[in-house]
Amino acid sequence: MTWPPRRWAVLAVLSGSLLIIAMDATILNVAFPSLVADLQPASVEQLWIIDAYALVLSGLLITAGALGDRWGRRRLLILGFVVFAAASLLAVAASAPWVVIVARGLLGVGGAAIMPSTISLLRAVFTDPRERAVAYSVWTAVIGAGMALGPLVGGLVVQASGWKAAFLLNIPVAVVCVGFALWLVPESSHPRAGRWDWWGVVLSAVGMVALAGGIKLVGGHDVPAGLGLLVVAAVTLTVFVRRELRLDNPLLQVRMFGNPVFTVSAVAIFLGMMALGAVLFLITQWFQYARGLEPFAAGLRLLPAPAALIVAPLFTPRLMERFGVRVVLGAGMALAAAGMAVPWAADLAGRLEYAEIAVALVCLGTGFGIAATAASVALLSSSPQEEAGGAAAVEEISYELGGAMGVAAIGSLAAVLYRGHVPDLGLGEDQMARVRDSIGEAAVVAAQNGGGLGAHITAVAASSFTHALGVSFAAAAVLLLASGYVGYRIIPASFRPTENTH
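Residue numbers (full-length UniProt numbering): 1 to 502.
See below:
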C-alpha cells in the first residue's frame with residue numbers, strides 16, 4: 001500500500017500532537033507557585049501534583065504502545081487527546097488539590113496514549129528511508145521546541161490569567177489535533193491472534209511506576225523509601241521480562257533488546273536525557289540563587305539548549321547519509337560531553353560566567369539533538385515493523401526516565417559536593433545545617449540574617465554550588481563519552497537509516 005502525498009501534512013499533525021505533550025511536561029513549573037497560592041495544598045499534595053503526571057505516563061507507556069499496535073495507532077492517538085482535553089477541563093474546574101492530582105494523573109493517561117502513537121504512525125506513513133529519517137529528526141526537534149515553549153508560553157498565560165490558563169490552553173489544541181487526525185492521519189495497526197496480556201499490563205505498570213517513583217525519591221530526601229521502590233521495580237520488572245519471554249504474543253517483545261543496535265540506541269537516549277535533565281535542573285538553581293535572577297529571566301537564559309535541540313536534528317539526516325549513523329551518534333555524544341565539561345573547566349580557571357554556560361548549553365543541545373536523532377533512527381530501524389508501538393514505548397521511556405535520573409543521580413551528586421564544599425560559617429547548628437542542605441535553604445538563611453553576614457552566606461553558597469555544578473557536569477560528560485564510544489563500536493559502519501522488515 002502506498003500512502004498519499006499528504007504524509008507531510010500528517011507529520012505536521014503528529015508534531016503538533018507531540019508539542020502539546022512536551023510543553024505540558026514543563027509548563028507546570030511556571031504555573032505551580034500560582035496554583036499553590038490559590039489552592040494551598042499540603043506539602044504531600046504538592047509532591048503528588050508534580051509527580052502524578054510522570055508516574056502515570058511512565059507506568060502506561062508499554063501498555064499504550066502494545067495497544068496501539070493491536071487496536072489502531074490513530075484510534076489510540078484520538079482517544080489520548082479526548083482524555084487529555086477532559087483532564088485539562090477537570091483541572092480548570094478544580095477547587096481542591098485532590099482534583100488537580102486526579103487531573104494530572106489523567107493527563108498522564110492521555111500522554112501515554114499520544115506519545116508512542118506519534119512515532120509509530122510516522123514509521124507507518126513514511127516508507128522511504130530518507131524521508132523517514134527527516135520525519136524522525138522533526139519529531140526530535142519538536143521535543144526541544146516543547147521544552148523551550150513550555151516555560152515561556154506558560155509564563156505569559158499564567159501572568160495574564162492565572163494558573164488555570166496553563167491547563168485551559170490544552171483544550172483547544174487537543175480539539176484541533178483530533179480534527180486534523182480524523183481528516184489526515186491514516187489508521188495503522190498490526191492485529192495479532194491470542195489473548196491480551198493483562199498480567200503483563202499490571203506488572204509493567206507497577207514496575208515502571210515503582211522505578212520512576214524510586215528514582216524521584218532517591219533524588220529527593222527520602223532515600224530509604226526510594227531504595228525500597230527500586231527493589232520493588234527490580235523484582236516486578238524481572239518477573240515481567242521472564243513472563244514476556246515465555247509468551248507467543250507478549251505485551252512487549254523484550255527480545256528486541258537482544259539486538260545490540262536497539263539496546264545501545266535506547267541507552268544513548270537515556271544518558272543524553274540524564275545530562276539534559278541535570279543541566280536544566282542545576283543551571284536553573286545557579287541562575288536564581290547564585291546569580292540572583294528572576295525565574296522568567298533564568299528561563300530565557302536557558303533557551304540556547306532547547307533552541308539548539310530544535311535546529312540540530314533538522315540537518316542530522318544529511319549527516320547520517322554522509323557519515324553513517326554510528327559516526328553521527330558518537331560525534332553528537334562527544335560534542336554534548338564537551339559542552340558538559342565547559343563549566344567544570346571554567347570553574348577550575350576561577351571564572352564561570354554566562355558566556356561559558358551559554359557555550360555549554362549550545363554544545364549540549366546540538367550534540368544531543370544530533371545523537372538523539374541518530375539513536376532514534378537506529379532504534380526504530382532495528383526493530384520489527386509489527387513491534388513499532390513497543391519500540392516507540394521503549395524510546396519514550398528512555399526519554400522520560402533519563403530526565404528523571406539526571407535530576408536524581410547527577411542532582412544528588414551535586415548536593416553531596418555542595419555540602420562538602422561549604423565551610424563552617426560560625427552560625428548556629430540549625431542554621432548551618434540549613435545552609436549545607438541546599439543553596440535554596442542558604443538563600444533563606446541569608447535573607448534572615450541580612451547585612452554583611454547575609455551577603456557572605458550568599459557568596460559562600462554560590463561559590464560552593466558553582467564548584468558542585470562543575471564537577472557534576474564533568475561526571476556526566478564521562479557518561480556521555482562512554483555512551484558515544486560504545487555506540488560507535490557496536491553500530492555497524494554499514495548501518496544506514498533503513499527499515500528492518502524482519
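Using N, Cα and C, we set each Cβ at its ideal position, and we do this for glycine too. Note that the structure is predicted; figures quoted are calculated from it, not measured.
Here the C-alpha atom of L18 lies approximately 12 Å from the C-alpha atom of G110.
For F287, no alpha helix (DSSP H) segment is defined, and its DSSP state is neither H nor E.
By the neighbour-count criterion, in which a residue is buried when 16 or more other Cβ atoms sit within 10 angstroms of its Cβ, F368 is buried. Annotated three-state conformation of P423 is coil, per DSSP. One alpha carbon belongs to P224, the other to A461, and they sit about 27 Å apart. For the alpha helix (DSSP H) assignment, the uninterrupted runs of no fewer than 4 residues enclosed by the stretch 130-208 are, from N- to C-terminal side, 164-168, 170-184. Around the beta carbon of P423, a 10 Å sphere encloses fewer than 16 other beta carbons of the protein chains shown; the residue is thus reported as exposed. If you draw a 10 Å sphere on the C-beta of W286, you find 16 or more other C-beta atoms in it, and that means buried. For I491, there is no enclosing alpha helix (DSSP H), as DSSP marks it with neither H nor E.
In terms of Cβ geometry, I310 and A135 do not form a close pair [threshold 9 Å]. The residue among A374, Q385, R255, M340 with its C-alpha nearest the C-alpha of R326 is A374. DSSP places N449 within a helical segment (H, G or I) once states are collapsed to three. One alpha carbon belongs to V407, the other to A278, and they sit about 5 Å apart. In the structure shown, D248 falls within a coil segment according to DSSP collapsed to helix, strand and coil. Assignment of G72 by DSSP, reduced to helix, strand and coil, places it in the coil class. For S383, the three-state secondary structure derived from DSSP is coil. Apart from the 5 residues on each side of it in sequence, V100 sits with its Cβ closer than 6 Å to the Cβ of I49, A91, A94 in its chain, given in chain order. Within the stretch 387-422, the complete alpha helix (DSSP H) segments of 4 residues or longer fall at 388-405, 411-421, listed in chain order. Of the residues T127, S58, A141, the one whose Cα lies closest to the Cα of G213 is S58.
Around the beta carbon of Y399, 16 or more other beta carbons lie within 10 angstroms, which makes this residue buried. Bounds of the alpha helix (DSSP H) holding S34 are 7-39. Around the beta carbon of S494, fewer than 16 other beta carbons lie within 10 angstroms, which makes this residue exposed. Excluding its 5 nearest sequence neighbours in each direction, E45 has C-beta neighbours in its own chain below 6 Å: P97, listed in chain order.
If you draw a straight line from the Cα of A205 to the Cα of V235, it is about 13 Å long. In this structure, DSSP gives A462 a helical state, which the three-state scheme calls helix. Selection Q40, H467, L76 evaluated against A290 yields H467 as nearest (Cα-Cα). The stretch 101-108 makes no contact with the stretch 316-330; the number of CB pairs closer than 8 Å stays below 3.
DSSP, read as helix, strand or coil, puts T127 in coil.
CA-to-CA, the gap between R70 and M432 works out to about 58 Å. Check the Cα spacing between L14 and each of T26, A112, V142, V36: the tightest is with V142. Counting the other Cβ atoms within 10 Å of the Cβ of S161 gives fewer than 16, which makes it exposed. In terms of Cα proximity to L60, the closest of L230, A393, Q448 is A393. Around the beta carbon of G451, a 10 Å sphere encloses fewer than 16 other beta carbons of the protein chains shown; the residue is thus reported as exposed. Within its own chain, the residues whose Cβ lies closer than 7 Å to the Cβ of D51, once the five positions on either side in sequence are excluded, are K216, listed in chain order.
The C-beta of E187 has fewer than 16 other C-beta atoms within 10 Å across all chains shown, which makes the residue exposed. Membership of G330 in the alpha helix (DSSP H) is indicated by the continuous run 325-348.
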